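Trainee:
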Amino acid sequence: WNTYGRLYLTLEILKAPDWVHLAVFEAVRARKSLKTPAEMAEFLAAHGIERETFLSTYHSFFVEAKIKEAQRNTDKYELTGVPALVIGGRYRFDLSAGGALGMVRLADELIDKERLLLDQPT
Numbered sequence: 073w074n075t076y077g078r079l080y081l082t083l084e085i086l087k088a089p090d091w092v093h094l095a096v097f098e099a100v101r102a103r104k105s106l107k108t109p110a111e112m113a114e115f116l117a118a119h120g121i122e123r124e125t126f127l128s129t130y131h132s133f134f135v136e137a138k139i140k141e142a143q144r145n146t147d148k149y150e151l152t153g154v155p156a157l158v159i160g161g162r163y164r165f166d167l168s169a170g171g172a173l174g175m176v177r178l179a180d181e182l183i184d185k186e187r188l189l190l191d192q193p194t
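Final position of the sequence shown in the working numbering is 194; the numbers increase by one with none missing.
1. Do Leu157 and Ala142 have their C-beta atoms closer together than 7 Å?
2. Looking only at DSSP bridge pairs, what is Ala156 linked to?
3. If you measure between the beta carbons of Thr146 and Leu86, is that distance less than 7 Å?
4. On a Cα-Cα basis, can you pick out the residue from Val96, Arg162, Ala99 and Thr152 that is closest to Leu182?
5. Starting from Leu151, follow the alpha helix (DSSP H) in both directions and report where the run begins and ends.
6. DSSP three-state call for Asn145: helix, strand or coil?
7. Would you check if the distance between the CB atom of Leu106 and the CB atom of Ala117 is smaller than 7 Å?
8. Taking the alpha helix (DSSP H) that Thr75 belongs to, which residues open and close that run?
9. Can you tell me which of the three DSSP states Gly174 falls into?
Next comes the structure, spelled out in structure tokens:
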């Protein structure tokens, strides 16, 4: 859970709009330097995220707790790379499921299956 993972989780906690996530993705893809919290805060300020709010959240207990949770789930589900999906805590798969389209199709099937199980009376 590197710098960008922490950045993502911070934006999630701040409930940043999707277009901010997209701007970050495009900036990383364009190799814009977002390697330090200060660089991130500067970039995000131009996208409507207040610097101090970002920095205090980035270094917060809440983000740290989310990182630890993600690390536990990574270990629990034996994830070794991305992209990977886990559905219902039971089914884990990656691109070997038929590429990106195969992953989406399999995810749809497994989500439907999980919904049926949840709808059954106990």
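The C-beta atom is built at its ideal place from N, Cα and C for all residues, glycine as well.
This one's a predicted model, so the numbers in the text were calculated from it and none came from an experiment.
Mentor: Straight from the coordinates:
1. no
2. Residue pairing for Ala156: DSSP places it in a beta bridge opposite Asp166.
3. Cβ distance not < 7 Å, so Thr146 and Leu86 don't count as in contact.
4. Arg162
5. No alpha helix (DSSP H) holds Leu151; DSSP gives it neither H nor E.
6. helix
7. No, the pair does not count as a contact, with Cβ atoms beyond the cut-off.
8. Thr75 to Ile85
9. helix
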